[in-house]
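>
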Amino acid sequence: GENVGLHLPTLSVQEGDNSIINCAYSNSASDYFIWYKQESGKGPQFIIDIRSNMDKRQGQRVTVLLNKTVKHLSLQIAATQPGDSAVYFCAEFRSVYNTDKLIFGTGTRLQVFP
Amino acid sequence: EAGVTQFPSHSVIEKGQTVTLRCDPISGHDNLYWYRRVMGKEIKFLLHFVKESKQDESGMPNNRFLAERTGGTYSTLKVQPAELEDSGVYFCASSRKAGYEDTQYFGPGTRLTVL
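Sequence order for the protein chains is U and F.
According to the working numbering, the stretch in the first sequence is residues 1 to 114, in order.
According to the working numbering, the stretch in the second sequence is residues 1001 to 1115, in order.
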């Protein structure tokens, strides 16, 4: 896939363990963040989002934590499964003058082994 | 509901040639975005359409890139003439309306290789 050859940070976990993927952002004014999962040959897929008025948000097996003081996001995946293997991106949402865009981080590759 | 579709999935062209990428957003989505990921870099914003209007094209690398959205439906991204550094994966995304209330849904991408 297009991620071959990229020097992405890699997290290797055993099936059934919990995974924590970290992300730092730069703009202290950002107030909306999204985590995307990208599997080989596919586009980024929405996982979970969080707004800056929250510190934590939970979904099914996933939790996102936001620390605005140090501008840090994390994605926690509980009971990691082989199907979770993918590249994970955090993204800041920026909306200015009726236009908006996503600012992506570099991504982390999650490898799940049996 | 069909997702965002992109065509072609892969394109291999020689330097100096022209390539046109197509994106069909989710039906009813006013907003359409183009992003790209070149080798070794993060996914970067190129431009944003609201219906047929270009709302923001600040991410377009240079005037070799031209995006259009005919009638506010599908969009095309033309690269003419293509250069080696244009190689990468081009993603299209759509959302129903602008603003952070709306998730951007991505297509599978077009992998462009310029030789």
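Idealized CB from N, CA, C, for every residue including glycine.
I'd like to check one pair, G41/U with I48/U: are the Cβ atoms closer than 7 angstroms?
Position 48 of the first sequence, counting from 1, holds the residue named residue 48/U. Position 41 of the first sequence, counting from 1, holds the residue named residue 41/U. Going by C-beta atoms, I48/U is not nearer than 7 angstroms to G41/U.
> Hey, how far is the Cα of S19/U from the Cα of A1067/F?
Here residue 19/U is taken as the residue at index 19 of the first sequence, counted from 1. Here residue 1067/F is taken as the residue at index 67 of the second sequence, counted from 1. Rounded to the nearest whole angstrom, the CA to CA distance from S19/U to A1067/F is 39 angstroms.
> Is I1043/F close to chain U, meaning its C-beta is less than 7 angstroms from at least one C-beta of that chain?
Residue numbering aside, residue 1043/F sits at position 43 when the second sequence is read from its first letter. Taking 7 angstroms as the threshold, the shortest C-beta distance from I1043/F to chain U falls below it.
> Look up D100/U in the DSSP assignment and say whether it is helix, strand or coil.
Locating residue 100/U in the first sequence gives position 100, counting from the first residue. Here D100/U sits in strand by DSSP.
> Could you check whether the stretch 59-77 of chain U touches the stretch 1007-1023 of chain F, counting it as contact only if at least three pairs of C-beta atoms, one from each stretch, sit closer than 8 angstroms?
no
> Mind checking if G59/U is an interface residue toward chain F, Cβ cutoff 7 angstroms exclusive?
Position 59 of the first sequence holds residue 59/U. Not closer than 7 angstroms to any Cβ of chain F, the Cβ of G59/U fails to qualify, so no.
> Can the beta-carbon of C90/U be found closer than 7 angstroms to that of L73/U?
Residue numbering aside, residue 90/U sits at position 90 when the first sequence is read from its first letter. Residue numbering aside, residue 73/U sits at position 73 when the first sequence is read from its first letter. Yes, the pair counts as a contact, with Cβ atoms nearer than the cut-off.
> To the nearest angstrom, how far is the alpha carbon of R1037/F from that of I1043/F?
Here the question's residue 1037/F lines up with position 37 in the second sequence. Here the question's residue 1043/F lines up with position 43 in the second sequence. Straight-line Cα distance between these residues: approximately 4 angstroms.
> Less than 7 angstroms between the C-beta atoms of S131/U and Q45/U, yes or no?
Since the first and last residues shown for chain U are 1 and 114, residue 131/U lies out of range.
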